[in-house]
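>
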């Protein structure tokens with residue numbers, strides 16, 4: 001019986017991956033509702049579970065592709081691989097309403113730019129302080145501090161190693177979770193009251209999941225405004241990361 | 001037809017990657033420069049153009065929305081195949097980089113929002129000329 005199940009999962013890898021990820025997300029949603037009362041977004045928990053499973057898979061096989069190194073879960077490699085990942089990210093751009101975005105005017109664009117450059121500088125400096133002193137690693141980790149999507153997209157474009165990529169994603173995920181948890185607590189300090197302030201926040205805080213979950217826990221009305229700017233974040237980051245920012249790091253590091 | 005939306009997405013994706021590769025070549029790097037970002041801009045422009053002409057049916061749109069909605073699940077699958085074992089050896093890097101950027105950005109949000117004029121009228125704000 002087990003043999004039949006195993007064979008079915010291995011021969012239908014991508015389908016099995018849909019089923020596995022569906023279960024992970026359902027489970028995460030339940031944890032989010034019952035244990036954290038919705039404060040930590042289900043998607044953040046799901047990503048952490050994914051990373052935890054990757055750790056287990058890595059320990060079991062000694063390979064570099066986490067859970068996807070186990071034949072039973074090889075479909076995760078296709079589902080979470082570059083092709084489908086980029087395809088899904090591009091699709092999210094469809095929800096952006098440029099006319100509404102332009103209402104925030106220059107302040108939204110400024111926040112977006114600062115929200116890309118500031119975390120990048122912090123990430124790249126921390127990376128260097130810990131001995132990741134080559135331009136590719138510094139850029140990848142810096143990009144991870146922008147969002148957990150910009151990190152791997154940038155890393156893949158400039159040829160970063162898998163462990164640096166994982167570090168970059170971990171940085172982005174920790175950032176997203178910090179934003180989710182601390183936004184409602186810091187709402188007063190951040191002056192999150194108006195649509196404009198939410199747009200500034202969306203631009204600077206980055207991560208769509210962090211921004212939408214953080215704003216949802218602060219004031220539901222502000223969610224679309226913050227998310228609107230935040231959805232540009234990945235695009236701006238993916239555009240600047242492997243290009244301007246990478247060249248800038250290369251210039252400063254001289255390698 | 002749902003496939004029209006998905007095909008539009010696919011064309012934008014491929015064109016973005018191709019343009020990113022060409023840009024990389026023009027800049028002299030052996031890398032794709034901003035291909036995904038270019039693809040996103042293309043999709044936004046394509047949507048505006050098609051919408052204006054009324055060529056965007058609800059079913060076509062759902063062919064794009066489906067993939068956009070798969071974004072989080074795909075990221076979960078991506079997380080599950082990362083080299084976490086290796087990443088944990090550099091633990092403090094991720095934590096420090098994340099805390100540092102959140103604190104710095106939080107300070108900037110607070111600073112910029114303090115410059116906002118008190119109680120702006122949402123209606124007039126919407127009619128402010130575009131810059």
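Protein chains in written order, with our numbering: chain P, 1 to 255; chain Y, 1 to 131.
Here a beta-carbon is modelled for each residue, glycine too, at the ideal position from N, C-alpha and C.
Keep in mind it's a predicted model, so treat the numbers as computed, not measured.
#1: Can you pull the chain P residues whose beta carbon is under 8 angstroms from the beta carbon of residue 13 (chain Y), in chain order?
#2: Listing by chain order, which chain P residues have their CB less than 9 angstroms from the CB of residue 114 (chain Y)?
#3: Thinking C-beta only, is residue 1 (chain Y) closer than 8 angstroms to residue 62 (chain Y)?
#4: Is residue 41 (chain Y) close to chain P, meaning its C-beta is less than 8 angstroms from at least one C-beta of that chain?
#5: For the structure I just gave you, are there three or more beta carbon pairs, one from the region 134–145 of chain P and one from the region 6–16 of chain Y, closer than 8 angstroms?
#6: Using a Cβ-Cβ distance cut-off of 8 angstroms, determine whether residue 19 (chain Y) contacts chain P.
#7: Using a Cβ-Cβ cut-off of 8 angstroms, state whether residue 94 (chain Y) counts as contacting chain P.
#8: Under 8 angstroms, do residue 76 (chain P) and residue 80 (chain Y) count as touching if we go by C-beta distance?
#9: Considering just the uninterrupted stretch of the alpha helix (DSSP H) at residue 55 (chain Y), what are its terminal residues?
#10: What would DSSP say about residue 146 (chain P), mapped onto helix, strand or coil?
#11: Is residue 156 (chain P) helix, strand or coil when you go by DSSP?
#12: Give me the residue from Y:108, Y:102, Y:113 with the minimum Cα distance to residue 181 (chain P).
#13: Mind checking the region 22–38 of chain P against chain Y and listing, in chain order, the residues whose C-beta falls within less than 7 angstroms of any C-beta there?
#14: Can you tell me where the alpha helix (DSSP H) holding residue 1 (chain Y) begins and where it ends?
#15: Any beta carbon from chain Y within less than 8 angstroms of residue 254 (chain P)'s own beta carbon?
#16: By the criterion of Cβ-Cβ separation under 7 angstroms, what are the contact partners of residue 123 (chain P) in chain Y?
#17: CA-CA distance, residue 54 (chain P) and residue 20 (chain P)?
#18: Nearest CA to the CA of residue 52 (chain P): which residue from Y:38, Y:78, Y:43?
#19: Residue 117 (chain P) touches chain Y at which residues, Cβ-Cβ below 7 angstroms?
#20: For residue 62 (chain P), does the count of other Cβ atoms within 10 angstroms reach 16, so buried, or fall short, so exposed?
#21: Taking residue 22 (chain P) as the reference, give the member of Y:97, Y:85, Y:71, Y:113 with the closest Cα.
#22: Would you please verify whether the beta carbon of residue 251 (chain P) is less than 8 angstroms from any beta carbon of chain Y?
#23: Can you grab the Cα-Cα spacing for the pair residue 196 (chain P) / residue 234 (chain P), in whole Å?
#24: The alpha helix (DSSP H) that contains residue 92 (chain Y), what's its start and end?
#25: Which value, in whole angstroms, describes the spacing of the CA atoms of residue 127 (chain P) and residue 113 (chain Y)?
#26: In this structure, does DSSP put residue 80 (chain Y) in helix, strand or coil?
#27: Is any beta-carbon of chain Y found at less than 8 angstroms from that of residue 70 (chain P)?
#28: Report the residues of the region 138–159 of chain P with a CB closer than 9 angstroms to any CB of chain Y, ordered along the chain.
#29: If you compare alpha carbons, which of P:254, P:243, P:227, P:251 is closest to residue 112 (chain P)?
#30: Expressed to the nearest angstrom, what Euclidean distance is found between the alpha-carbon atoms of residue 192 (chain P) and residue 219 (chain P)?
#31: Which residue's Cα is closest to the Cα of residue 11 (chain P): P:46, P:49, P:71, P:1?
#32: Taking the alpha helix (DSSP H) that residue 187 (chain P) belongs to, which residues open and close that run?
#33: Does the separation of the CB atoms of residue 202 (chain P) and residue 171 (chain P) fall below 8 angstroms?
#34: Tell me which residues share the same chain as residue 214 (chain P) and place their Cβ nearer than 6 angstroms to its Cβ, disregarding the 5 neighbours each side in the sequence.
#35: What did DSSP end up calling residue 193 (chain P) once you bin it into helix, strand or coil?
Quick answer:
#1: Numbered from its first residue, the second chain carries residue 13 (chain Y) at position 13. In chain order: 86, 87, 90.
#2: Within the second chain, the letter at position 114 stands for residue 114 (chain Y). Ordered by position in chain P, the residues that pass the 9 angstroms Cβ test against residue 114 (chain Y) are 191.
#3: Reading the second chain from its first residue, position 62 is the one you call residue 62 (chain Y). Reading the second chain from its first residue, position 1 is the one you call residue 1 (chain Y). No, Cβ-Cβ distance for residue 62 (chain Y) and residue 1 (chain Y) is not below 8 angstroms.
#4: Here residue 41 (chain Y) corresponds to residue number 41 of the second chain, with the count starting at 1. So, interface residue.
#5: The region 134–145 of chain P vs the region 6–16 of chain Y: no contact.
#6: Reading the second chain from its first residue, position 19 is the one you call residue 19 (chain Y). Answer no: the Cβ-Cβ gap between residue 19 (chain Y) and chain P never drops below 8 angstroms.
#7: Translated into positions along the second chain, residue 94 (chain Y) becomes position 94. True, the Cβ-Cβ gap to chain P drops below 8 angstroms.
#8: The count along the first chain starts at 1 and reaches residue 76 (chain P) at position 76. The count along the second chain starts at 1 and reaches residue 80 (chain Y) at position 80. Contact flag set, yes.
#9: The residue given as residue 55 (chain Y) occupies position 55 in the second chain. Run containing residue 55 (chain Y): none; DSSP gives neither H nor E here.
#10: Here residue 146 (chain P) is taken as the residue at index 146 of the first chain, counted from 1. Here residue 146 (chain P) sits in coil by DSSP.
#11: Reading the first chain from its first residue, position 156 is the one you call residue 156 (chain P). In this structure, residue 156 (chain P) counts as helix in the three-state DSSP scheme.
#12: One-based indexing of the first chain puts residue 181 (chain P) at position 181. The shortest C-alpha separation from residue 181 (chain P) is found at Y:102.
#13: Answer set for the region 22–38 of chain P: 24, 25.
#14: In the second chain, counting from the first residue as 1, residue 1 (chain Y) sits at position 1. It is not in any alpha helix (DSSP H) - residue 1 (chain Y) carries neither H nor E in the DSSP assignment.
#15: Locating residue 254 (chain P) in the first chain gives position 254, counting from the first residue. No, residue 254 (chain P) does not count as interfacial toward chain Y.
#16: Along the first chain, read from residue 1 onward, the residue named residue 123 (chain P) stands at position 123. In chain order: 97, 101.
#17: The residue you call residue 54 (chain P) lines up with position 54 of the first chain. The residue you call residue 20 (chain P) lines up with position 20 of the first chain. Those two C-alpha atoms are separated by around 13 angstroms.
#18: Taking the first residue of the first chain as 1, we reach residue 52 (chain P) at position 52. Among Y:38, Y:78, Y:43, the Cα nearest to that of residue 52 (chain P) belongs to Y:78.
#19: Your numbering for residue 117 (chain P) matches position 117 in the first chain. Under the 7 angstroms cutoff, chain Y gives no residues; its nearest Cβ is about 10 angstroms from residue 117 (chain P).
#20: Counted from its first residue, the first chain places residue 62 (chain P) at position 62. By the neighbour-count rule (16 or more Cβ atoms within 10 Å), residue 62 (chain P) is not buried but exposed.
#21: In the first chain, counting from the first residue as 1, residue 22 (chain P) sits at position 22. Nearest of Y:97, Y:85, Y:71, Y:113 to residue 22 (chain P), Cα basis: Y:71.
#22: As a first step, residue 251 (chain P) is located in the first chain; it is residue number 251 there, counting from the start. For residue 251 (chain P), no CB of chain Y lies under 8 angstroms from its own CB, so it is not counted at the interface with that chain.
#23: Locating residue 196 (chain P) in the first chain gives position 196, counting from the first residue. Locating residue 234 (chain P) in the first chain gives position 234, counting from the first residue. So the alpha carbons of these two residues sit roughly 20 angstroms apart.
#24: Position 92 of the second chain, counted from the start, is the residue given in the question as residue 92 (chain Y). 91–114 is the span of the alpha helix (DSSP H), which, as asked, contains residue 92 (chain Y).
#25: By one-based count along the first chain, residue 127 (chain P) stands at place 127. By one-based count along the second chain, residue 113 (chain Y) stands at place 113. When rounded, the distance between both Cα atoms is 30 angstroms.
#26: Position 80 of the second chain holds residue 80 (chain Y). Correct three-state label for residue 80 (chain Y): coil.
#27: For the purposes of this step, residue 70 (chain P) is taken as the residue at position 70 of the first chain. No, its Cβ sits nowhere closer than 8 angstroms to a Cβ of chain Y.
#28: Along the region 138–159 of chain P, going in chain order, the ones with a CB nearer than 9 angstroms to a CB of chain Y are 141, 142, 144, 145, 146, 148, 149, 152, 153, 156, 157, 158, 159.
#29: Here the question's residue 112 (chain P) lines up with position 112 in the first chain. Answer by Cα proximity: P:227.
#30: Within the first chain, the letter at position 192 stands for residue 192 (chain P). Within the first chain, the letter at position 219 stands for residue 219 (chain P). The alpha-carbon of residue 192 (chain P) is positioned some 9 angstroms away from that of residue 219 (chain P).
#31: Locating residue 11 (chain P) in the first chain gives position 11, where the first residue counts as 1. For residue 11 (chain P), the nearest C-alpha among the options comes from P:71.
#32: On the first chain, position 187 is the one that residue 187 (chain P) refers to. First-last of the alpha helix (DSSP H) with residue 187 (chain P): 162–190.
#33: Stepping through the first chain from its first residue, residue 202 (chain P) is reached at position 202. Stepping through the first chain from its first residue, residue 171 (chain P) is reached at position 171. Not in contact: residue 202 (chain P) and residue 171 (chain P) (Cβ atoms no closer than 8 angstroms).
#34: Here residue 214 (chain P) corresponds to residue number 214 of the first chain, with the count starting at 1. Once the five neighbours on either side are set aside, the close Cβ partners of residue 214 (chain P) are 179, 180, 183.
#35: One-based indexing of the first chain puts residue 193 (chain P) at position 193. In the three-state reduction of the DSSP assignment, residue 193 (chain P) falls in the coil class, being assigned neither a helical nor a strand state.
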